[in-house]
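Using this note's numbering, the first residue of the sequence shown is number 50, and each one after it goes up by one.
For every residue, glycine included, the Cβ atom is placed at its ideal position computed from N, Cα and C.
Taking it in order: structure first as structure tokens, then the write-up.
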Amino acid sequence: MQKELCNYRDYFHPGQRARVEMSLQDDRMFNDGAVVTSVGDRQIALRLSRDTLPDGALLHRAAPLVVRVGGSGSGYSCRGVVLNEHAGDELRIEFVDRVISEDLREYFRLDAEIPVILFNVTAGTAEESGTGGLRLAALDSLPRIVNISGGGLRTETEMAMTIGDIVYATFHLPLPEPKVVPVVAQVVHSELIERADGAIISSGLSFMHINERDRDTIVRYVCNEEIKRIRLCRKDFFSLPEN
């Protein structure tokens with residue numbers, strides 16, 4: 050990512066589709082679609098796609114959030130704070146940072162369940178969920194990819210990882226003709242999560258070295274799966290019985 054100079058009107062325009070990323074009370078993030086209605090020197094007005102937000106959404110005055118827009122193969126984001134209470138009308142935001150250019154291949158992400166073989170080059174440890182000579186995870190579902198994009202992935206594993214570690218990962222994309230994807234990545238996030246069946250490590254990995262054709266394949270897979278899920282949701286919605 051690369052920081053750009055701040056002329057907000059160069060990046061945000063009335064009528065433009067956007068995504069608003071806001072915090073929830075349990076420290077998770079929530080994304081909602083929006084349409085830009087006006088842009089000022091340091092302010093932007095948006096109309097969110099929904100009038101009612103999830104319980105715990107932090108959208109009070111001065112609440113921090115991120116506005117993202119994209120098109121023509123590139124995207125932009127900027128941090129801001131809420132200027133007014135959201136009550137179904139326009140949401141007014143004041144930008145507090147520079148616009149950041151983003152590669153849309155990193156913007157589109159997909160929750161997934163993909164087995165992966167991990168080798169922590171820095172620590173010299175390895176783990177996989179099948180057989181093959183590496184140390185096996187205690188749970189059949191570990192290690193696994195739980196979120197993937199063209200820029201990186203998030204894994205759940207029993208193998209310890211520290212921010213900055215270099216990790217070699219190999220996984221099969223579940224395509225009609227399964228494709229093996231090897232990548233070299235760096236740990237950018239690592240968190241110990243306690244569960245009833247034991248503790249796991251949730252780690253965010255950013256791709257350092259990846260074949261660009263493999264990256265494009267990941268992006269196509271993510272986009273195609275998102276389209277399938279949207280169509281399924283629409284089908285389920287229209288099949289609901291009328292009261």
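According to the DSSP secondary-structure assignment, residue 98 is paired through a beta bridge with no residue.
Taken atom to atom, the span from the alpha-carbon of residue 128 to that of residue 112 is near 11 Å. Apart from sequence neighbours up to five positions away, the residues of its chain that approach residue 241 with a beta-carbon distance below 7 Å are 248 and 250, ordered along the chain. Closest in C-alpha terms to residue 243, from the list 88, 206 and 142, comes 206.
Per the Cβ contact rule, the stretch 206-221 is not in contact with the stretch 266-280 (fewer than 3 Cβ pairs under 8 Å). Of the residues 145, 125, 126 and 124, the one whose Cα lies closest to the Cα of residue 132 is 145. In the three-state reduction of the DSSP assignment, residue 70 falls in the strand class.
The C-beta of residue 245 has fewer than 16 other C-beta atoms within 10 Å across all chains shown, which makes the residue exposed. Taking the Cα of residue 61 as reference, the smallest distance to any Cα among 274, 87, 79 and 254 is reached at 87. Here residue 230 is buried, its C-beta having at least 16 other C-beta atoms within 10 Å. Following the DSSP letters along the chain, one finds residue 193 inside the beta strand (DSSP E) bounded by residues 193-198.
The C-alpha of residue 114 is placed about 7 Å away from the C-alpha of residue 69.
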